[in-house]
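Worksheet for the structure shown next.
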Amino acid sequence: MAEKRAAIGRLTPLQGVLITSRIARGRFDRIVVPEADPAFVTVAPRDIPGSNRLRVLDAQVPLLSSGTITYRGQPLLALFGPDRESALIKAGGISVSYVEDEPVESLSVTPYSYTFGNLEEALKEENLQVLQRSYSFHSTSRKRLTYNRVSVAFDGETLHVEAPTQWPAHVRDSVAEVTGLSKKNVIIHRQPFYAPHDEMLVLPSQLAALCSVAAIKSGRDTEILHEMEAAPPRYGITRKTYYLSNGKPQAEEIRVVVDQGCAAFFREELVNHLYAGLIPLYPVAALTIRVEIHTTNNRPAHFYGGLGYSEALASSEAHYSELAKHTGYNPLSWRMKHAAESPSSAAMVRTDKYAKLKELASSVSKRADFARKNAAYEMQRRMRIRHSTFFRYGRGNGLALAPGIGGFSREYKGTPTQSVQVTLQPNDHVVINTSFYNTGNSAEIWKQIVSDELGVSKKDISFVGDGNELLDSGPSVLNANSGRMPRHILRACQLIKEKRFVEPLPISETVTFFRHPSAKDSLFFSNSWVAIILELEISPLALVPVIRSVWVSITTPKVYEKAAYISKVRHTIVTTLLEAGARLSQSKGFEIDIQLEEEGEGMPSSMTAAVKGAVTAALLTALEQALGSNVEHVPVDGPMILDLLRSTH
Numbered sequence: 005m006a007e008k009r010a011a012i013g014r015l016t017p018l019q020g021v022l023i024t025s026r027i028a029r030g031r032f033d034r035i036v037v038p039e040a041d042p043a044f045v046t047v048a049p050r051d052i053p054g055s056n057r058l059r060v061l062d063a064q065v066p067l068l069s070s071g072t073i074t075y076r077g078q079p080l081l082a083l084f085g086p087d088r089e090s091a092l093i094k095a096g097g098i099s100v101s102y103v104e105d106e107p108v109e110s111l112s113v114t115p116y117s118y119t120f121g122n123l124e125e126a127l128k129e130e131n132l133q134v135l136q137r138s139y140s141f142h143s144t145s146r147k148r149l150t151y152n153r154v155s156v157a158f159d160g161e162t163l164h165v166e167a168p169t170q171w172p173a174h175v176r177d178s179v180a181e182v183t184g185l186s187k188k189n190v191i192i193h194r195q196p197f198y199a200p201h202d203e204m205l206v207l208p209s210q211l212a213a214l215c216s217v218a219a220i221k222s223g224r225d226t227e228i229l230h231e232m233e234a235a236p237p238r239y240g241i242t243r244k245t246y247y248l249s250n251g252k253p254q255a256e257e258i259r260v261v262v263d264q265g266c267a268a269f270f271r272e273e274l275v276n277h278l279y280a281g282l283i284p285l286y287p288v289a290a291l292t293i294r295v296e297i298h299t300t301n302n303r304p305a306h307f308y309g310g311l312g313y314s315e316a317l318a319s320s321e322a323h324y325s326e327l328a329k330h331t332g333y334n335p336l337s338w339r340m341k342h343a344a345e346s347p348s349s350a351a352m353v354r355t356d357k358y359a360k361l362k363e364l365a366s367s368v369s370k371r372a373d374f375a376r377k378n379a380a381y382e383m384q385r386r387m388r389i390r391h392s393t394f395f396r397y398g399r400g401n402g403l404a405l406a407p408g409i410g411g412f413s414r415e416y417k418g419t420p421t422q423s424v425q426v427t428l429q430p431n432d433h434v435v436i437n438t439s440f441y442n443t444g445n446s447a448e449i450w451k452q453i454v455s456d457e458l459g460v461s462k463k464d465i466s467f468v469g470d471g472n473e474l475l476d477s478g479p480s481v482l483n484a485n486s487g488r489m490p491r492h493i494l495r496a497c498q499l500i501k502e503k504r505f506v507e508p509l510p511i512s513e514t515v516t517f518f519r520h521p522s523a524k525d526s527l528f529f530s531n532s533w534v535a536i537i538l539e540l541e542i543s544p545l546a547l548v549p550v551i552r553s554v555w556v557s558i559t560t561p562k563v564y565e566k567a568a569y570i571s572k573v574r575h576t577i578v579t580t581l582l583e584a585g586a587r588l589s590q591s592k593g594f595e596i597d598i599q600l601e602e603e604g605e606g607m608p609s610s611m612t613a614a615v616k617g618a619v620t621a622a623l624l625t626a627l628e629q630a631l632g633s634n635v636e637h638v639p640v641d642g643p644m645i646l647d648l649l650r651s652t653h
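In this text, residue positions in the sequence shown follow the working numbering: the first is 5, and each later residue adds one.
Dropping the structure here:
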């Protein structure tokens with residue numbers, strides 16, 4: 005275990021602030037800093053002893069701008085002072101002159117494409133009808149702000165970095181590259197954090213690198229408290245379905261435009277997740293998908309609780325329900341008739357529970373009385389009853405299904421190191437080595453797996469502390485704590501069991517990458533399904549969707565910590581609805597009814613992204629039924645709903 009760095013009591017750490025760009029695109033002519041003051045330390049590009057860049061696998065952005073500005077809020081300079089107040093005052097005296105250019109949008113790489121079958125041949129079928137819809141997922145106003153505190157101490161040889169981070173190895177590597185120090189001379193001390201939208205993935209590395217340069221330059225401990233802005237990529241999805249008069253889809257064309265800001269982090273993996281969510285639930289003779297990644301003068305965007313699977317899935321499920329309406333079915337009966345496994349879907353997500361899908365949909369529909377209510381709400385929509393400020397006429401319900409996936413895809417060439425080591429020591433003591441945080445429900449699940457597999461007591465299971473010996477388990481994203489990590493630990497325990505009582509202790513096994521054998525040639529494997537029905541009404545006063553009830557059915561293999569699992573699903577549903585612009589009903593009849601069926605063997609697939617996508621799709625479908633108009637944008641708000649009501653009437 006790494007030695008704890010010496011107490012900072014010698015001198016109070018210098019407090020840092022960032023001077024950032026006020027324009028979105030252009031360059032700065034000069035930066036004028038007030039007269040030099042020994043109490044303050046500035047960090048400019050010329051002060052960086054190593055590389056002035058922040059790399060994320062195969063993409064990179066400048067740590068500090070050397071002149072060119074690519075997004076509003078881009079760091080230009082870091083200023084450290086004796087306290088935060090004086091640093092802010094001093095920073096206010098720094099003037100920057102800009103030459104501003106018009107923001108631009110450009111296609112960063114050759115579009116990605118996926119093709120199945122022959123579209124030209126498929127469209128020769130006679131009497132084909134066409135349904136085309138567009139879906140947009142982005143927010144121009146709702147951005148999450150949170151604080152990130154990073155501290156650095158330098159003893160002349162080793163940098164000790166205290167940071168809340170989802171990727172400790174990336175912080176270490178970034179600090180080493182920027183400062184020019186060896187990685188072994190950078191020790192990361194992980195701090196607690198709450199990052200529901202992956203806010204702590206990349207920014208801690210940037211702040212830690214700047215603090216480290218300031219610590220080396222000043223010979224003082226440094227600290228920075230930075231309010232950061234997190235926003236997801238923007239997705240625009242257009243789906244064009246060619247179908248027969250009986251409602252059977254013949255072919256489909258899908259086009260996706262993604263705005264990742266000024267840097268396309270995790271670009272190829274984002275495309276894989278989009279493919280997984282876009283593939284139709286039904287067999288088609290031909291399918292084409294085109295994904296365009298655009299760079300714009302916005303802040304870099306990457307993970308936001310996922311990499312596009314939820315948004316793609318939401319567009320797919322909402323589109324199916326719209327197709328059902330156009331062909332004379334309700335969303336349930338259409339799925340029961342046309343949903344089936346196909347070569348195109350198996351190439352993306354292979355599941356061993358596809359036979360359970362219709363059974364799951366039927367079960368949740370009976371609990372929610374979906375067919376009867378859907379018929380009543382559809383009749384209301386066709387009659388175009390005007391919304392009243394006294395009566396809640398605008399009601400609707402929606403159904404969505406989804407397979408759960410998690411982690412990086414099989415074909416992602418840039419997959420970072422994802423290691424975990426399990427060591428069985430004498431006296432049945434087990435040590436787990438992972439850079440993931442070892443607190444909370446996830447750690448309890450890992451301990452339970454080790455306890456069950458190796459027959460040891462949970463109190464005899466410990467974790468390796470911070471230090472250079474800590475393995476790089478990769479970024480804690482895509483629900484890796486509850487998805488990938490349990491599978492890796494289970495595999496390590498199985499390997500230990502093969503050597504136990506054969507080889508002397510201690511026995512260590514390291515798993516860097518382990519894929520479920522059932523995945524075969526698919527991008528992802530899923531052994532879990534979720535079916536969601538949502539019922540809502542339009543508030544005639546606030547003009548927002550108010551959720552009356554939600555019904556959920558999940559089928560999955562054995563779940564460790566069942567109460568925590570259901571709580572996570574409930575939390576995902578609530579946060580997804582609130583972020584989409586909906587409100588929860590305050591009436592006594594409101595409920596989120598979750599039923600979990602455990603069946604089969606193996607570690608369950610993560611359900612978070614699937615639940616998020618299914619909830620969004622059900623919300624879109626129910627909202628369109630309530631309003632009698634197409635809803636193409638998420639999140640929704642009052643002015644948008646008012647415009648839709650006006651267009652309807």
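Just so it is clear, CB atoms sit at the ideal spot from N, CA and C, and this is done for glycine as well.
Selection from the options that minimises the alpha carbon distance to residue i
i       : options                            : result
Val-573 : Arg-399, Ile-536, Val-45           : Ile-536
Ser-206 : Trp-171, Pro-236, Glu-227          : In the sequence as displayed, the identity of residue 206 is Val instead of Ser. The option with the nearest alpha carbon to Val-206 is Trp-171.
Phe-84  : Phe-32, Val-21, Ala-63, Ser-110    : Val-21
Pro-544 : Phe-528, Pro-643, Glu-595, Val-506 : Pro-643
Leu-132 : Gly-309, Phe-412, Asp-525, Tyr-246 : Tyr-246
Glu-130 : Ile-449, Thr-427, Pro-253          : Pro-253
Leu-67  : Arg-76, Tyr-308, Leu-80, Leu-61    : Leu-80
Val-3   : Ala-546, Arg-29, Gly-184, Val-556  : An answer regarding residue 3 cannot be provided, because it is not within the stretch 5 to 653 covered by the chain.
Leu-624 : Ile-453, Glu-89, Ser-140, Gly-469  : Ser-140
Ala-157 : Ala-167, Arg-224, Val-134, Tyr-102 : Arg-224
Arg-371 : Leu-282, Glu-382, Glu-595, Val-435 : Glu-595
His-492 : Ile-436, Ala-199, Lys-362          : Ile-436
Arg-414 : Gly-97, Ala-351, Gln-429, Met-387  : Ala-351
Gly-160 : Leu-582, Ile-220, Arg-194, Arg-176 : Ile-220
Gly-607 : Thr-579, Val-563, Ala-626          : Checking the displayed sequence, the identity of residue 607 turns out to be Met instead of Gly. Taking only the C-alpha atoms, the option nearest Met-607 is Val-563.
Nearest-angstrom Cβ-Cβ length linking residue i and residue j, presumed shorter than 8 Å
i       : j       : result
Pro-304 : Ala-267 : 4 Å
Ser-216 : Val-165 : 7 Å
Ser-423 : Leu-482 : About 16 Å separates the two Cβ atoms, so there is no contact after all.
Ser-69  : Gln-78  : 5 Å
Asn-531 : Thr-560 : 7 Å
Val-190 : Val-179 : 5 Å
Ala-82  : Leu-214 : 5 Å
Thr-713 : Leu-123 : This structure gives no information on residue 713, because the portion of the chain shown stretches from 5 to 653.
Val-550 : Leu-538 : Going by Cβ atoms, the distance from Val-550 to Leu-538 rounds to 11 Å, so no, they are not a contact pair.
Ser-369 : Leu-403 : 7 Å
Ala-63  : Phe-269 : 5 Å
Ser-209 : His-174 : 5 Å
Lys-187 : Arg-194 : Not really, about 16 Å apart at Cβ, beyond 8 Å.
Pair within 9 Å by beta-carbon distance, residue i and residue j
i       : j       : result
Gly-398 : Leu-631 : yes
Met-340 : Ala-316 : no
Ala-218 : Val-47  : yes
Arg-26  : Val-100 : yes
Glu-203 : Ala-618 : no
Phe-1   : Val-353 : The question about residue 1 has no answer, for the chain in this structure spans 5 to 653.
Gly-312 : Leu-285 : no
Ala-380 : Asn-334 : no
Glu-565 : Ile-449 : yes
Ile-570 : Ile-598 : yes
Ser-512 : Gln-425 : yes
Phe-467 : Asn-431 : no
Leu-111 : Glu-272 : no
His-2   : Arg-238 : With the chain running from 5 to 653 in the structure shown, residue 2 is simply not present.
Gly-478 : Ser-446 : no
Ile-98  : Ile-23  : yes
Leu-282 : Ser-319 : yes
Gln-629 : Gly-469 : no
Is there contact here, the segment 216-235 with the segment 150-164, by at least three beta-carbon pairs under 8 Å?
yes
What are the start and end residues of each continuous alpha helix (DSSP H) run of 4 or more residues lying completely inside the segment 21-97, in chain order?
88-96
Curious, which full-length alpha helix (DSSP H) runs of at least 4 residues does the segment 104-160 contain?
123-126
Minimum length 4: unbroken alpha helix (DSSP H) runs contained in the segment 394-451:
none
Under 8 Å: do the segment 408-415 and the segment 486-493 share three or more Cβ pairs, one atom per stretch?
yes
On the three-pair Cβ rule with 8 Å, is the segment 440-457 touching the segment 493-508?
yes
Taking 8 Å as the cut-off, does the segment 256-274 touch the segment 30-50 (at least 3 CB pairs, one atom from each stretch)?
no
Contiguous beta strand (DSSP E) assignments of at least 3 residues, all confined to the segment 302-372:
353-355
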